[in-house]
Amino acid sequence: MRFSLCNEVVRELPFAAQCDLAAALGYGGIELAPFTLGDEPHRLSAAAIAVLRRAASEAGIAITSLHWLLVAPAGLSITSDEMATRARTLDVIAGLVDLAAEIGATHLVHGSPAQRVLPDGPHRAAARARGIDAFAFAGERARDAGVVYCIEPLDRGQTAFVNTIEEAAGIVRAIGNPALRTMLDACSVATTETERLDALIARWLPTGLIAHVHLNDPNRRAPGQGALRFGPVLAALRAQGYTGTAAVEPFEYVPDGPGCAARAIGYLHGILETLP
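Numbering-wise, the working numbering comes out as the position in the sequence shown, counting from 1, plus 952.
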């Protein structure tokens, strides 16, 4: 299991400094939010991509994954019935899948709740179907690029489309593409699911459908800064032989970005040292 730091936590720093800080704190990787790269991250030049690769390599860490995929450019949606919006959104997804492969990332995490809104009323089912079609498209593109695209279940306060692992797994199974899978987000799981996170890990990891993990507290802060105890979570991941990425993804940075990143990795490494 490798801990990765979501780079928007320290996005005020240049990317090379983000990588250096993550490495110095003890993270094995950095998870990239494309919107931190500019308004059109799916169209980065070869030179810009080379800069990203070099920064991570020189810091001695990996760019493990991408997340918050559809924040930039503005106005994207996988559920919209506007053909131009849909075409532009699929173009961005394709570009980000290719970007992930080019920078050496292995996974993309599709959260982006504002870009998967379901309308109320008679058009809801059609919007959901369009979202599922977009996931199928992303999975096909990921398969061609040699990466894995993950549907992220999010709590109902963020979106009405894909709230539970069961719902995400149903979509993944129906599409039937091994490059399309789902993942666990600790904050959303603790807020939405009826089972404890460690029990969900024990139930879902053996299915092979879980390809990524986000570590955050239900209070939206980093692991160790709230009521959720991560000892059972890490113990369950270890017991199931999880060797993927566990990315630290707080939304509130206390006392600040670097400070919360430091506290989180110290807390998580401290737990690991106590596990058999």
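Here a beta-carbon is modelled for each residue, glycine too, at the ideal position from N, C-alpha and C.
For clarity, every value in this text was computed on a predicted model and none was experimentally measured.
In this structure, residue 1105 sits near residue 1116, with a CB-CB distance shorter than 7 Å. Here residue 956 carries a strand assignment [DSSP, helix/strand/coil]. In this structure, the beta-carbon distance from residue 1008 to residue 1015 falls below 7 Å. When secondary structure is reduced to three states using DSSP, residue 1069 falls in the coil class, being assigned neither helix nor strand. The C-beta of residue 974 has 16 or more other C-beta atoms within 10 Å across all chains shown, which makes the residue buried. The C-alpha of residue 1222 lies about 19 Å from the C-alpha of residue 1206.
Only residues of its own chain outside the window of five on either side were considered, and among them 1105 have a CB closer than 7 Å to the CB of residue 1119, listed in chain order. Remark: C-beta atoms of residue 1111 and residue 1082 do not approach each other more closely than 7 Å. Counted as a single uninterrupted DSSP element, the beta strand (DSSP E) harbouring residue 1198 occupies residues 1197 to 1200.
Residue 1060 and residue 1018 do touch by the CB rule: their CB atoms are close to 5 Å apart, below 8 Å. By the 16-neighbour rule on beta-carbons within 10 angstroms, residue 1033 is exposed.
By the 16-neighbour rule on beta-carbons within 10 angstroms, residue 1149 is buried. In this structure residue 1201 is buried. Its beta-carbon is surrounded by 16 or more other beta-carbon atoms within 10 angstroms. Shown here, residue 1024 sits in coil according to DSSP, grouped into three states, outside any helix or strand.
Residue 1203 is a Cβ neighbour of residue 1172, given a cutoff of 7 Å.
Only exposed fits residue 1159, as fewer than 16 other CB atoms lie within 10 angstroms of its CB. In the three-state reduction of the DSSP assignment, residue 1093 falls in the helix class, which pools H, G and I. Looking at the backbone, the Cα of residue 1214 and that of residue 1074 are separated by about 48 Å.
As computed with DSSP, residue 1133 is found in a beta bridge with 1102. The residues 971, 972 and 975, in chain order, have a CB closer than 6 Å to that of residue 1011 in the same chain once the five nearest residues on each side in sequence are set aside. Going by DSSP, residue 1112 is part of no beta strand (DSSP E) at all; its letter is neither H nor E. Ranked by Cα distance from residue 1178, the first of 1228, 1219 and 1038 is 1219. Separation of residue 1141 and residue 1185 (C-alpha to C-alpha, rounded to the nearest whole angstrom) is 12 Å. Per DSSP, the beta bridge partners of residue 1061 are 1102. Listed in chain order, the beta strand (DSSP E) elements of length 3 or more contained wholly in the stretch 1158 to 1214 are 1162 to 1167 and 1197 to 1200. Rounded to whole angstroms, residue 981 and residue 1166 show a C-alpha spacing of 13 Å.
Cβ-Cβ distances below 7 Å link residue 967 to 1004 and 1007 in the same chain, with the five nearest sequence neighbours on each side left out; the list follows chain order.
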